[in-house]
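S.K.: Supplied in structure tokens, the structure appears directly below.
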């Protein structure tokens with residue numbers, strides 16, 4: 069996927085308005101959302117604002133770069149699971165661990181912690197990713213240098 073982003077705009081008439089670049093995979097995914105509608109005059113998709121439709125949208129586009137504003141995330145907390153980086157956070161995480169000299173096992177062990185950090189509802193994902201990664205790296209280093217083993 070190129071540098072394109074999916075944008076979710078304000079809720080109007082009980083629907084979320086989605087600007088979607090014309091990528092075949094993304095169009096195939098949005099067609100899976102029940103109640104979705106294409107508006108050719110403004111070239112935007114809309115999906116129902118109900119919890120079920122939003123949950124399906126989030127599930128389908130969780131690995132894609134999606135831009136939303138804070139007010140939309142307040143109205144629809146499920147949208148907090150979406151990232152403006154898409155799956156790029158995994159690459160950033162893995163490269164950061166490799167630069168620090170951590171093994172592949174450490175990368176695998178830290179991934180659930182790092183992934184969970186993206187679901188925190190009170191912080192922006194950009195700041196939280198670095199904070200959680202730094203916290204995990206310090207914790208791992210403390211375990212390696214500790215004279216007692218955790219059993």
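Residue numbers (the numbering used here): 69 to 219. No residue lacks a Cβ here, since even glycine has one placed at the ideal position from N, Cα and C.
Comparing alpha-carbon positions, which option in 142, 135, 138 and 103 lies nearest residue 124?
M.R.: Minimum Cα distance to residue 124 is reached at 103.
S.K.: Do residue 110 and residue 88 have their CB atoms nearer than 8 Å?
M.R.: No.
S.K.: Can you grab the Cα-Cα spacing for the pair residue 118 / residue 144, in whole Å?
M.R.: Going from the Cα of residue 118 to the Cα of residue 144 covers about 9 Å.
S.K.: What are the complete beta strand (DSSP E) segments, minimum 3 residues, inside the stretch 83–149?
M.R.: Counting only runs of 3 or more, we get 83–87, 105–107 and 112–116.
S.K.: Following the continuous beta strand (DSSP E) through residue 77, name the residue where it begins and the one where it ends.
M.R.: Where residue 77 is concerned, the enclosing beta strand (DSSP E) stretches over 74–80.
S.K.: Measure the alpha-carbon distance for residue 146 versus residue 136 and round it to whole angstroms.
M.R.: Approximately 11 Å, taken between the alpha carbons.
S.K.: For residue 72, I'd like the list of residues in its chain whose CB is within less than 8 Å of its CB, leaving aside the five on either flank, ordered along the chain.
M.R.: Excluding sequence neighbours, residue 72 sits near 89, 91 and 133.
S.K.: Here's a check: name, in chain order, each residue in its chain whose Cβ is nearer than 6 Å to the Cβ of residue 77, leaving out the five neighbours to either side.
M.R.: Cβ neighbours of residue 77 beyond the five flanking positions: 85.
S.K.: Between residue 129 and the rest of its own chain, which residues show a CB-CB distance below 7 Å, the 5 nearest in sequence each way excluded?
M.R.: Within the same chain, residue 129 has close Cβ partners 74, 97 and 150.
S.K.: So is residue 115 buried or exposed if we call it buried at 16+ other beta carbons inside 10 Å?
M.R.: Classification of residue 115: buried, given that the 10 Å Cβ count is 16 or more.
S.K.: Rounded to the nearest angstrom, what separates residue 81 and residue 142 at their Cα positions?
M.R.: The alpha-carbon atoms of residue 81 and residue 142 are separated by roughly 17 Å.
S.K.: Ignore the nearest five residues each way along the sequence and tell me which others in residue 106's own chain have a CB closer than 7 Å to its CB.
M.R.: The answer, listed in chain order, is 113.
S.K.: Distance, Cα to Cα, residue 94 vs residue 138?
M.R.: Cα-Cα distance, rounded: 23 Å.
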